[in-house]
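Residue numbers (this note's numbering), protein chains in the order written: chain H, -8 to 151; chain X, -8 to 151; chain S, -8 to 151; chain Z, -8 to 151; chain W, -8 to 151; chain Y, -8 to 151.
Yeah, the Cβ is synthetic: ideal placement off N, Cα and C, and Gly gets one too.
Everything numeric in this text was worked out from a predicted model, so none of it was measured.
First the structure, in the form of structure tokens, and then the observations on it.
There are 6 protein chains.
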Amino acid sequence: MTRLALYPGTFDPITYGHLDILERARHLFDAVEVTVAVNARKQTLFTIEERCALVEASVAHLDGVTVAPFEGLLVDRARARGAVALVRGLRQVSDFDYEFRMAFANRRLAPEIETVFFMTSEEHAFVAASIVREIHRWGGDVAPFVPPPVVDALRQRRPQ
Amino acid sequence: MTRLALYPGTFDPITYGHLDILERARHLFDAVEVTVAVNARKQTLFTIEERCALVEASVAHLDGVTVAPFEGLLVDRARARGAVALVRGLRQVSDFDYEFRMAFANRRLAPEIETVFFMTSEEHAFVAASIVREIHRWGGDVAPFVPPPVVDALRQRRPQ
Amino acid sequence: MTRLALYPGTFDPITYGHLDILERARHLFDAVEVTVAVNARKQTLFTIEERCALVEASVAHLDGVTVAPFEGLLVDRARARGAVALVRGLRQVSDFDYEFRMAFANRRLAPEIETVFFMTSEEHAFVAASIVREIHRWGGDVAPFVPPPVVDALRQRRPQ
Amino acid sequence: MTRLALYPGTFDPITYGHLDILERARHLFDAVEVTVAVNARKQTLFTIEERCALVEASVAHLDGVTVAPFEGLLVDRARARGAVALVRGLRQVSDFDYEFRMAFANRRLAPEIETVFFMTSEEHAFVAASIVREIHRWGGDVAPFVPPPVVDALRQRRPQ
Amino acid sequence: MTRLALYPGTFDPITYGHLDILERARHLFDAVEVTVAVNARKQTLFTIEERCALVEASVAHLDGVTVAPFEGLLVDRARARGAVALVRGLRQVSDFDYEFRMAFANRRLAPEIETVFFMTSEEHAFVAASIVREIHRWGGDVAPFVPPPVVDALRQRRPQ
Amino acid sequence: MTRLALYPGTFDPITYGHLDILERARHLFDAVEVTVAVNARKQTLFTIEERCALVEASVAHLDGVTVAPFEGLLVDRARARGAVALVRGLRQVSDFDYEFRMAFANRRLAPEIETVFFMTSEEHAFVAASIVREIHRWGGDVAPFVPPPVVDALRQRRPQ
């Protein structure tokens, strides 16, 4: 049996923190799908196609990792794909409450799918996509926070 | 003397978590008014009239509970109604800071009105109206989270 | 019907923070019993008799407040006394988890007794009996933190 | 390849909260060892032999779960057993900091072993072995919190 | 050598909590610049010119304090001004995670500039500019929360 | 005027986390005294003389840093030495409440002395002396957590 897990998020853009969680999850599951939320109602810096492409370019070195855009209820996607788990990264206490709230709601809707939490490494514990966007906006150097394909993509856009 | 408490909120829509707090508060006060914030500047799923009607339908089994829309400073409402207390539910740590900040501001404005906190039961500790709206949006089943009148009201609306 | 609440604690010694909560609780209940835990297994600075006497001396100005030593399961005491509620003060986030854990356990054991939380005033939000004992130990001035009877009692003891 | 995880703790005694985590972990790993800390320097209610026996009696219905006493550095045990992960339950924010501190130390000592966190179910989120011992001590009913073998074991001891 | 620190924020409007931090910072640094974020994308109650003017009027009694509007990356400003530190106030746990995330990002971008945190006094620990705006909006009295120049400025505007 | 700050703690033993805070504090103050608490009532791994000696050996490369044992009320020491500030490191949320409680008590006792908080670097954010002692106890490698003089001192002691 292949154990598949979904790693859901907005990934606007993918950061080293996300990559770190993804690599950890890959050790424990046979396959991981990065499930990129379309988020049509929230304005994103990158389009859904760009966000997926940046994740793909950033995970090229990882076996058994796929990327897919998704719109809808996460547990529906998990069931459709036969996933056994949802993967989430915990960085700080402020993540805790939100993550638990979502995880409990998902458990009520799909008790057979487990949510498992991984710790981000210390180095990346304080990286957040929102801060990356802010630094980029003012022309700061984002290389310490995001993988090379994202650095390139940001370079090609003028800060807004 | 009748001890009246206000239970303020947006109730967009009322959840089992809200109902749980309301029933607890009712044990300790002679009467409780559910004070529904108009929130004209924030976009809500239900109108103020709908939100009040859904609270009313959901509390029909409770004696001594009334419902009223309100716009303005909460302590002004409390004074006008002769309330001795404001009731708040605490679910998680993330509620804590916001609730305390509001409670201290209210105390400065109206020292004679006490804010009291009740614990939501475990079962409902992670239910939030925002998550109910999200589940509804994607066609998920909201029945575990909200009382029957809200289930019906959501069914009659197409997810947006 | 007289609504009685218990306000349990070790009170080693009673502080202005405790007094503040007690006065708030007294506004919402007809009577409050300060239930002083014997805590035979934990070493206290004051004996159970001294702790009760210091509470009594400090609440002399408050109507409808009684003091009693107690050993056992708090919900048993609450039932024996016909109390409708347990009163707790919340000061900081670190109190939160412990208080909730106790409150949920008590609710399982005695669902008819509600635990209600009051906010300490800003002025006393950071006072803790353990810090009072530490300051006293090194000869510091405890008058900003504890009522006069406790100041006197501490003065009569040499710091250990 | 058999994926083994360790679930370490003191288990003094095992609670429904522990069992809940164990069952969740068992879904994601081929085998789970409950690693019971000897804790020679901390006074426990049950001896290490009793604690192991109570875990064994409580997990009899679970396939692929073993129990072992252990004294030493957890990562040494994990390496000796070829475990790929350490399993921890997260219940509340107060667990968070301690758990992360331990997990980071373990990661520095053994980077190849991942710590994964599972959420306790709402029902058991506030159960703690320390509260079970306190309730037992005063003759309260512990049956809502611990599995039948522990209820029996506690019944045979007089509260201390 | 003159040790300069920046105290950045939106100051919409400046509160007694801000003033308290500013006075504390002034004791430890030779000069403090209040760096007012333009925040062109966020709607503010007061314009950047008004916010700067209100800070200036409120700090007139303090030596060695200057005020400047700023748009961009904070560490760039700090370097341009030769500042040795960024000053931040910590009030509550909810501030903690956000502040740390920003501080770590700033440290990566400019390791030579230290972020230092001061505690707001108890009295002002729960004052927030967002609550001041809310109270003002409904015609409540803001005098306990903001200095006289801000009280005047708010009086001249009709609540929106 | 020489600005002196005290950096108080038990330092049982000094870790890289402590050193990190100390170096940051040294940038902002002209001199820093590491004030090592005697803690006669708490059992420590190292004696007060050993703890001071290990701090001294570990800070030899730092100008303007002195070390002194101390027993008593911290603010008394600060006044006697003419210190303008107390330095504390914040690592995690669990530190927050305790640190604030102490800081507020100290402020009441000595309003002229400021408590300032520095962030530990990510790398050392999860290092705690208690975890170092635990790792040492079971023969684990402590070199990633403590400076060389402490590694040597621990090597010369048999784990207890």
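Whether residue i touches residue j by CB criterion (9 Å)
i                 : j                  : result
Ala116 of chain H : Pro4 of chain H    : no
Leu53 of chain X  : Asp21 of chain X   : no
Glu40 of chain Z  : Ala144 of chain Z  : no
Val56 of chain H  : Val23 of chain H   : yes
Ala94 of chain H  : Phe61 of chain H   : no
Val107 of chain W : Phe108 of chain Y  : yes
Val118 of chain X : Tyr(-2) of chain X : no
Gly63 of chain X  : Val25 of chain X   : no
Asn30 of chain W  : Leu65 of chain W   : no
Ala48 of chain X  : Pro140 of chain X  : yes
Thr111 of chain W : Gly80 of chain W   : yes
Ala76 of chain Z  : Leu19 of chain H   : yes
Chain-ordered neighbours of residue i on chain W, where CB pairs are closer than 7 Å
i                 : result
Pro135 of chain H : Arg99
Gly63 of chain X  : Trp129
Residue i - partner residues in DSSP beta bridges
i                  : result
Arg(-6) of chain S : Per DSSP, none; premise fails for Arg(-6) of chain S.
Pro(-1) of chain X : X:Thr26
Ala76 of chain S   : S:Ala(-4), S:Glu105
Pro60 of chain S   : S:Val27
Leu81 of chain Y   : Y:Met110
Chain Y contact for residue i (CB, 9 Å cutoff)
i                 : result
Glu24 of chain W  : no
Phe109 of chain W : yes
Phe95 of chain W  : yes
Minimum Cβ-Cβ distance from residue i to chain S less than 9 Å
i                 : result
Gln151 of chain Y : Note that Gln151 of chain Y scores 49 on pLDDT, short of 50, meaning its location in the model is unreliable and no value can be drawn from it.
Glu90 of chain W  : no
Counted within 10 angstroms of its Cβ, other Cβ atoms place residue i as buried (16 or more) or exposed
i                 : result
Arg148 of chain Z : exposed
Asp11 of chain H  : buried
Gln151 of chain W : Confidence in Gln151 of chain W is poor, its pLDDT being 49 and thus under 50, which makes the residue's placement unreliable; the coordinate value appears in the next sentence. So Gln151 of chain W ends up on the exposed side.
Ala71 of chain X  : exposed
Gly131 of chain W : buried
Pro138 of chain W : buried
Arg17 of chain W  : buried
Glu105 of chain S : buried
Arg92 of chain Y  : buried
Arg146 of chain Y : exposed
Glu90 of chain X  : buried
Arg15 of chain X  : buried
Ala74 of chain Y  : buried
Within chain Y, partners of residue i - CB distance below 9 Å
i                  : result
His18 of chain W   : Val75, Ala76, Glu103, Glu105
Arg15 of chain W   : Glu105, Val107
Leu(-3) of chain W : By Cβ distance, chain Y contributes nothing, its closest Cβ being about 14 Å from Leu(-3) of chain W, past 9 Å.
Contact list for residue i against chain X, beta-carbon separation under 7 Å
i                 : result
Ala116 of chain Z : Glu113
Within-9 Å CB hit, residue i to chain X
i                  : result
Val66 of chain H   : yes
Arg(-6) of chain S : yes
Ile126 of chain W  : yes
Contact set between residue i and chain X, taken where Cβ atoms lie within less than 8 Å
i                 : result
Ala119 of chain W : Arg92
Contacts of residue i in chain Z (Cβ-Cβ under 8 Å)
i                 : result
Asp132 of chain Y : Leu100
Residue i at chain W interface by Cβ criterion, 9 Å
i                 : result
Leu81 of chain Y  : yes
Ile122 of chain H : yes
Arg146 of chain S : no
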